[in-house]
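Colleague:
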Amino acid sequence: MALDKEILKTRLAEAEEAYHQLMIGAREVSVNVGNFGSVTYNQASRTSLETYIANLKSQIAAAEGKNSVRRRIMKVSF
Numbered sequence: 014m015a016l017d018k019e020i021l022k023t024r025l026a027e028a029e030e031a032y033h034q035l036m037i038g039a040r041e042v043s044v045n046v047g048n049f050g051s052v053t054y055n056q057a058s059r060t061s062l063e064t065y066i067a068n069l070k071s072q073i074a075a076a077e078g079k080n081s082v083r084r085r086i087m088k089v090s091f
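Note that my numbering gives residue 80 to position 67 of the sequence shown, counting from 1, and the numbers run on in steps of one.
1. Please classify ALA31: is it buried, with 16 or more other beta-carbons within 10 angstroms of its beta-carbon, or exposed?
2. Would GLY50 and LEU16 be called neighbours here (beta carbons separated by less than 9 Å)?
3. Just mark ALA28 as buried or exposed, buried being the case when its beta carbon has 16 or more other beta carbons within 10 Å.
4. So which of ILE20, THR23, GLU19, ARG59 has the shortest CA-CA distance to GLN34?
5. Suppose you measure from the CA of ALA57 to the CA of TYR65; what does that come to, to the nearest Å?
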């Protein structure tokens, strides 16, 4: 089920605000995930919130017909 682009953008804004709150010292933040209720994130689950934000950005790009594949730097250590 594809979500409306505006709903995705609203959720992205909420998730980015929650991430900002974590970065400035909030202990916990909650993000509304539509019909599923809300999810609470804390400093330990920050990477899960980052993944959620990336997923929302990908869904928005797909809804707008843009290529959502991003290249990343590959780190090699010996």
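Backbone N, C-alpha and C fix where the C-beta goes; we use that ideal spot for every residue, glycine too.
Predicted model, so just to flag it, every value in this text is computed and none were measured.
Modeller: So, to answer that:
1. buried
2. no
3. Result: buried.
4. Residue ARG59 is the option with its Cα nearest to GLN34.
5. Cα to Cα, ALA57 sits roughly 15 Å from TYR65.
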